[in-house]
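Residues 1 to 217 in the UniProt record's numbering are what the sequence shown lists, from first letter to last. Built from N, CA and C at the ideal position, the CB exists for glycine as well. Okay, structure first, notes after.
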Amino acid sequence: MADQLTFNWPTGVALGPNDFFVSGANAQAFAMLTAPQSWPDRKLVVVGPKGCGKSHLARIFQFQTDALTVDAGSLAPDFQTDAKFVIVEDMEILPQASEEAMFHLHNHLRNTGGTLLMTAQTAPTRWSIALPDLASRMQATTVTQIDNPDDALLSALIMKLFADRQMMPKPALVQYLMTRIERSFAAAADIVNQLDDAALTSGRKINKALAADLLDN
1 MADQLTFNWP
11 TGVALGPNDF
21 FVSGANAQAF
31 AMLTAPQSWP
41 DRKLVVVGPK
51 GCGKSHLARI
61 FQFQTDALTV
71 DAGSLAPDFQ
81 TDAKFVIVED
91 MEILPQASEE
101 AMFHLHNHLR
111 NTGGTLLMTA
121 QTAPTRWSIA
131 LPDLASRMQA
141 TTVTQIDNPD
151 DALLSALIMK
161 LFADRQMMPK
171 PALVQYLMTR
181 IERSFAAAAD
191 IVNQLDDAAL
201 TSGRKINKAL
211 AADLLDN
């Protein structure tokens with residue numbers, strides 16, 4: 001799986017069902033993912049920016065269904081499986097050489113009553129798929145979108161990113177960061193990485209002063 005909430009996570013990142021924070025930005029996606037029986041044709045695409053939690057949701061789905069997870073970028077041209085639940089991550093980077101295999105996987109799951117969950121940063125209409133039959137089937141798939149984080153989700157994300165590094169930031173630092181960084185998942189990950197690296201390099205504590213030094217330079 002291409003790791004998320006979606007970054008290159010450090011060892012020990014918490015991606016369990018109880019570690020996913022639901023807010024207005026991702027509530028619809030979470031609700032849909034936990035009710036696969038309601039998906040039209042039993043297939044769904046979760047779309048959102050890097051780091052928004054697509055793979056975390058996929059991990060929850062895997063936990064619930066024992067789904068097979070594959071990365072679209074490394075899908076073998078001769079890929080086949082008998083799994084009833086399949087997750088394909090990062091569909092926007094599916095190689096052209098693997099499109100036939102993806103087409104057969106889609107049809108196999110449809111014909112056998114299986115379930116297909118896909119993740120991507122962009123909607124199926126923007127995927128560069130050359131095979132017309134596959135493109136049409138992907139574009140007919142139900143899409144659920146994860147939006148940029150609201151205040152509640154951004155705060156929870158920053159705290160989670162610190163917690164995954166065994167750090168407990170003071171609430172004042174979290175609030176300060178929320179007022180200074182771009183409201184995006186990638187920006188939250190970037191500032192926490194920078195703070196962690198700066199603290200290790202300088203021996204300073206992670207606090208508002210260190211954050212201000214980084215953000216003002």
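CB contact flag (residue i, residue j, <7 Å)
i              : j                 : result
glutamate 99   : leucine 131       : yes
serine 23      : alanine 152       : yes
proline 49     : phenylalanine 162 : no
threonine 65   : phenylalanine 85  : yes
leucine 134    : alanine 101       : no
valine 45      : lysine 54         : no
asparagine 148 : arginine 183      : yes
proline 36     : threonine 115     : yes
isoleucine 191 : leucine 200       : no
aspartate 196  : arginine 165      : yes
alanine 58     : threonine 141     : no
aspartate 213  : alanine 25        : no
alanine 189    : glycine 73        : no
Residues bridged to residue i (per DSSP)
i             : result
valine 88     : Val70, Met118
glutamine 145 : Val47
Proximity winner among the options, relative to residue i (alpha-carbon distances)
i                : options                        : result
phenylalanine 21 : Ala187, Ile146, Gly203         : Ile146
valine 70        : Asp133, Arg137, Leu117, Ala212 : Leu117
alanine 172      : Gln166, Asn148, Leu210         : Leu210
leucine 94       : Met159, Ile129, Phe61, Thr81   : Ile129
valine 88        : Ala67, Pro77, Asp82, Ser202    : Ala67
glutamine 96     : Gln62, Thr144, Leu109, Pro77   : Pro77
alanine 83       : Leu109, Asp90, Met167          : Leu109
glutamine 139    : Ser202, Lys43, Gln80           : Lys43
alanine 27       : Arg180, Ser38, Thr144, Lys170  : Thr144
Residue i beta carbon near the ligand ATP (any heavy atom closer than 6 Å)
i              : result
asparagine 193 : Judged by which ligands are present, the structure shown has none, so any question about the ligand ATP falls away.
Proximity test, Cβ basis, 7 Å: residue i and chain C
i             : result
aspartate 133 : Among the protein chains of the structure shown there is no chain C, as only one such chain exists.
Cβ pair count under 8 Å reaching 3, the stretch 24 to 39 against the stretch 95 to 113: Flag = no, the stretch 24 to 39 and the stretch 95 to 113 do not touch.
Stretch-stretch touch, CB-based, cutoff 8 Å, three pairs: the stretch 148 to 162 with the stretch 114 to 128: No, the stretch 148 to 162 is not in contact with the stretch 114 to 128.
Taking only runs of the alpha helix (DSSP H) that begin and end inside the stretch 140 to 212, which ones reach a length of at least 4 residues, in chain order? Taken in chain order, the unbroken stretches of alpha helix (DSSP H) that lie wholly in the stretch 140 to 212 and span 4 residues or more are 151 to 163, 171 to 180, 185 to 202.
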